Amino acid sequence: MRALLDTHRRSTTVQVRVPMDDGALTTFEGYRIQHNNARGPYKGGLRYHQTVAQDEIKCFSALMTWKCALLDIPFGGGKGGVAVDPKKLSEGELERLSRSFIREIAPVIGPYTDIPAPDVNTGAREMGWMYDEYSRMFGDTPAILTGKPIALGGSLGREQATGRGGFLCLDRIAHHRGWTREKIRVAVEGYGNAASWFSIFASAAGYRIVAVSDSKGAIHNPEGLDPTAVLEHKKATSSVIDFKQADTIAGDDLFALDCEVLVPAAMEEHIRDDNADAVQANLILEVANYPVTPKADEILKSKGATVIPDILASAGGVVVSYIEWVQNLERERWSEDRVNGRLAELMYGATDAVLGRAHEKGNTNREAAYEIAVDRVAEAERLRGDW
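Numbering (my numbering), first residue to last: 761 to 1147.
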């Protein structure tokens, strides 16, 4: 069984040809890797980043299997991406890239087979282009992708879902610990979609957001930041740095700030063995995928810090992707309250299950989360037979 769960079902490598604005034809390498579908169709995002590589995508496709199983939604795990720096492409080139990529992976995806979604440097715009291209090939198929624009069958609440899910996870933990929200200082690494929405929801609930960051640096105000004002500043200046109501600090200095909660919500492997010892937070909430390396995890454990794993804390996006998929298949539109209510139900249930398993067995939260997820996938494999 272990060998079966360790094996990826399919790995597809494609050459994505894009006519550039200057008339040249450029080829980028892309991937769609499918890990396990015992519990349902493959599910996972498509990312555009210059560091995209096959091994990275394989890792994240497996992560999606466990994430979906932990949240008990009927999907398996997949992931994809293109090795490209999207900041160097015009909007027209990005559209042609997106359309070419979906054409290349079309033979291995489908609304009952594999349903992609946004990821790093992709969003509703790219999903809209891909949905249109796929539908030109196979007829109108809104359930082929999630994270689409609302006007093209996207779900209300999807844009905020990853950040909201992380906030719901934190708030459930705070409830179990008997915390007073107003006394909890939170430092957030990143200020993209997930980080900004997490900060907005947490601040509105009473938590004190004392720091946020982006690729250019970080800002810190021990009295608390206004996340909406920071977002407006970032939109106007392309960065959070130099925000007037805060001190600008080096990005890595954020990890060492005096706070109760640290939320890595940017890229993978940002908390490593060379900076983990500086972390002062008692609770680390992994809203990014794989932000803490295994060695750093051991260091944090030795310091007595609690880590809430990514397959739980970052699961809000895939939960609402599931809800969007259901709406598309049924040709229905759920209200935002209904979407958010179902998200809260699933996030609270999974958080309670992880905390309960960890307490019962004396495990870390990461160990407990993976035990639950692997047990569910293994049960599905056994019931399917033929292995």
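Each residue gets a CB set at the ideal place from its N, CA and C atoms; glycine is no exception. It should be emphasised that the depicted structure is a prediction, and the values quoted were computed from it without experimental measurement.
Quiz item: A829 and R1136: beta carbons closer than 9 angstroms?
Solution: Yes, they are a contact pair.
Quiz item: Can the beta-carbon of G950 be found less than 9 angstroms from the beta-carbon of A1026?
Solution: Between G950 and A1026, the CB-CB gap stays under 9 angstroms.
Quiz item: Given A1065, which residues of its chain have a CB within under 8 angstroms of its CB, disregarding the five upstream and five downstream residues?
Solution: Apart from the 5 residues on each side of it in sequence, A1065 sits with its Cβ closer than 8 angstroms to the Cβ of V1039, A1041, N1042, L1043, I1044 in its chain, given in chain order.
Quiz item: Comparing alpha-carbon positions, which option in R863, E789, I960, F958 lies nearest D892?
Solution: Put simply, of R863, E789, I960, F958 the residue whose alpha carbon is nearest the alpha carbon of D892 is R863.
Quiz prompt | Environment of D879 [buried if 16+ CB atoms lie within 10 Å] | solution = The residue in question, D879, is buried, as its Cβ has 16 or more Cβ neighbours within 10 Å.
Quiz item: If you compare alpha carbons, which of P779, F820, T825 is closest to N797?
Solution: For the residues P779, F820, T825, the minimum Cα distance to N797 belongs to T825.
Quiz item: When we look at the beta-carbon of K848 and count the other beta-carbons within 10 Å, is it buried (16 or more) or exposed?
Solution: Exposed: under 16 other Cβ atoms inside 10 Å.
Exercise. Determine the direct distance from the alpha carbon of M887 to that of S858, and round the result to whole angstroms.
Key: Straight-line spacing of the CA atoms in S858 and M887 works out to 8 angstroms.
Practice problem: Could you tell me whether the stretch 1014-1029 touches the stretch 790-804, using the rule of 3 or more Cβ pairs below 8 angstroms? | Solution: These segments do not touch.
Quiz item: How would you call G1101, buried or exposed, if buried means at least 16 neighbouring beta carbons within 10 angstroms?
Solution: Result: exposed.
Quiz item: D1034 to G840, Cα distance in whole Å?
Solution: Distance between D1034 and G840, taken at the CA atoms: about 30 angstroms.
Exercise. Output the residue ranges of the alpha helix (DSSP H) runs that lie fully inside the stretch 794-880 and measure 4 residues or longer, sorted by chain position.
Key: You should have 814-830, 851-865.
Quiz item: When the Cα atoms are used, what is the spatial distance from T1008 to T997?
Solution: So the two alpha carbons sit approximately 14 angstroms from each other.
Practice problem: Please specify which runs of the alpha helix (DSSP H), each continuous and at least 4 residues long, are wholly inside the stretch 910-990, giving them in chain order. | Solution: Contiguous alpha helix (DSSP H) elements confined to the stretch 910-990 occur at 921-937, 953-965, taking only those with 4 or more residues.
Quiz item: Among A843, D1002, R1144, which has the Cα closest to the Cα of E789?
Solution: Among A843, D1002, R1144, the Cα nearest to that of E789 belongs to A843.
Exercise. Indicate the three-state DSSP secondary structure (helix, strand or coil) for F898 in the structure shown.
Key: When secondary structure is reduced to three states using DSSP, F898 falls in the helix class.
Exercise. Check whether the stretch 1070-1084 touches the stretch 983-996, counting contact only when three or more Cβ pairs, one atom from each stretch, lie closer than 8 angstroms.
Key: Because the criterion of three Cβ pairs below 8 angstroms is not met, the stretch 1070-1084 and the stretch 983-996 do not touch.
Quiz item: Would you report the Cα separation of R918 and F835, rounded to the nearest angstrom?
Solution: Using only the alpha carbons, I get a separation of about 17 angstroms.
Self-check item: Alpha carbon of I817 to alpha carbon of I1068, nearest angstrom
Solution: So the alpha carbons of these two residues sit roughly 22 angstroms apart.
Quiz item: Which of helix, strand or coil does DSSP assign to S771?
Solution: Three-state DSSP puts S771 in a strand.
Exercise. Give every residue of the same chain whose Cβ lies closer than 8 angstroms to the Cβ of A965, excluding the five residues on either side of it in the sequence, and list them in chain order.
Key: Excluding five sequence positions before and after A965, the CB atoms of its chain that fall closer than 8 angstroms to its own CB belong to F927, D931, R941, given in chain order.
Self-check item: Extent of the continuous beta strand (DSSP E) to which V1099 belongs
Solution: Under the DSSP assignment, V1099 falls outside any beta strand (DSSP E), being part of the alpha helix (DSSP H) whose first and last residues are 1096-1121.
Practice problem: Give the C-beta separation of V774 and E853 to the nearest angstrom, bearing in mind that I take them to be a contact with Cβ-Cβ under 8 angstroms. | Solution: Incorrect: roughly 17 angstroms between the Cβ atoms, too far for contact.
Quiz prompt | C-alpha gap between W939 and Y967, whole angstroms | solution = Spanning the alpha carbons of W939 and Y967 requires a straight line of approximately 10 angstroms.
Practice problem: Thinking L1017 and V948 are a contact (beta carbons under 8 angstroms), I'd like their distance in whole angstroms, please. | Solution: Incorrect: roughly 11 angstroms between the Cβ atoms, too far for contact.
Quiz prompt | Buried or exposed by the 16-neighbour rule on C-beta atoms within 10 Å, applied to G1163 | solution = Shown here, the chain extends from 761 to 1147; a query on residue 1163 therefore has no answer.
Quiz prompt | Alpha-carbon spacing of R885 relative to A911, whole angstroms | solution = If you take the alpha carbons of R885 and A911, they lie about 11 angstroms apart.
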